[in-house]
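Participant:
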Amino acid sequence: MNEEPGSFLPPPRRTYETAGTGPLPSQPVPAPAAEAAPAPRRRAFLAFAPLAIVVLVGLGMYFSRNTPSFIRPLLPSGRAASRMTPHLGELVAQPNRVDLVGGPKVCGKVVSIDTAGPAVDPSFHELDAAVRASNPAEVGTVARVTCADAPILRGGNTTPRGSFVRCRVELVERASKKWLGGLTIDSEDLPAPLMRSDDDRGSRPSKAIARWISSLPPSCS
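In terms of the numbering used here, the sequence shown opens at residue -6 and continues consecutively.
1) Who are the Cβ neighbours of G96 in its own chain at under 7 Å, not counting the five residues just before and after it?
2) Give the secondary structure of S214 by DSSP, where H, G and I count as helix, E and B as strand, and everything else as coil.
3) With a cut-off of 8 Å, do at least 3 Cβ pairs link the stretch 194 to 206 to the stretch 71 to 82?
4) I'd like the list of long-range same chain contacts for E181, defined as Cβ closer than 6 Å, with 5 residues on each side in sequence excluded.
5) Using the Cβ count rule (16 or more neighbours within 10 Å means buried), how would you classify R72?
6) Exposed or buried, what is S116 when buried is set at 16 or more other beta-carbons lying within 10 Å of its beta-carbon?
7) Drop a sphere of 10 angstroms on the beta-carbon of V48, count the other beta-carbons inside from all chains shown, and report buried for 16 or more, exposed for fewer.
8) Starting from the C-beta of N128, find all residues in its chain whose C-beta is less than 6 Å away, skip the five residues before and the five after it, and write them out in chain order.
9) So, at 7 Å on beta carbons, what are the nonlocal neighbours of A126 in its own chain, with the 5 sequence-adjacent residues on each side left out?
10) Rounded to the nearest angstrom, what separates H118 and D142 at their Cα positions?
11) Per DSSP, which one or two residues make a beta bridge with L164?
12) Between the alpha carbons of A86 and K170, how many angstroms are there, rounded?
13) Helix, strand or coil for K102? Go by DSSP, reduced to three states.
14) Is F117 near the ligand PLP, with its Cβ less than 8 Å from a heavy atom?
15) Can you give me the start and stop residues for the alpha helix (DSSP H) that R204 sits inside?
16) When you compare only the Cα positions, how much space is there between S207 and L164?
17) Using a Cβ-Cβ cutoff of less than 7 Å, which residues in the same chain neighbour T78 once the five nearest sequence positions on both sides are dropped?
18) Please report how far the alpha carbon of T177 lies from the alpha carbon of F41, in whole angstroms.
See the structure below:
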């Protein structure tokens, strides 16, 4: 029996791509994975981060100008103030007015007292450590601080446009009750010129009082 030419040729060989070269013909091509969305905690952090920064900056500015009252008892000045309290009646005695030789000065360590109390004045906490007395036995000079509100009158108007705090500081040598000098110090942060409310007022100039006292020369002569 005659065979057609080529009938004994083997069938063509089929080839398939292996797993290392790509997907098989019957396998679907996987879609590229989408980017994972940020976690909820991360989104919340990013949302509140600007607010937290603003709050921290505000607190830093406040604490740089004011020592919080609830922190003062924990500071060295707060502990010193508590030791002064039982002796305020004796420390706040009136000075013997005599002619002052030279400018204002301090004799020994200083305690500043608010005469309205009497109580330890807030400026005491702002004094330089080298000047501030740590106990009653160290006190050589008493700074008597008397403060009152003063109205701000602008443009010849008799209606107050806010107020500021005016403090009179008198330095007294503790042992002799000798007057060592004095100064009147006003609020450093006066209300803005356009303020029209008589409720707006400057703050007590505690830092300015402390700076002045700390800058005075020591002399007990």
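Every residue gets a Cβ at the ideal spot worked out from N, C-alpha and C, and that includes glycine.
Being a predicted model, the structure only gives us computed values, none of them experimental.
Facilitator: Taking the geometry as given:
1) G174
2) coil
3) no
4) P198 and A201
5) exposed
6) buried
7) exposed
8) R76
9) A73, K102, V103, V104 and V132
10) 22 Å
11) A136 and G174
12) 8 Å
13) strand
14) The model on display carries no ligand, and the ligand PLP is accordingly not part of it.
15) S199 to S208
16) 12 Å
17) V113
18) 46 Å
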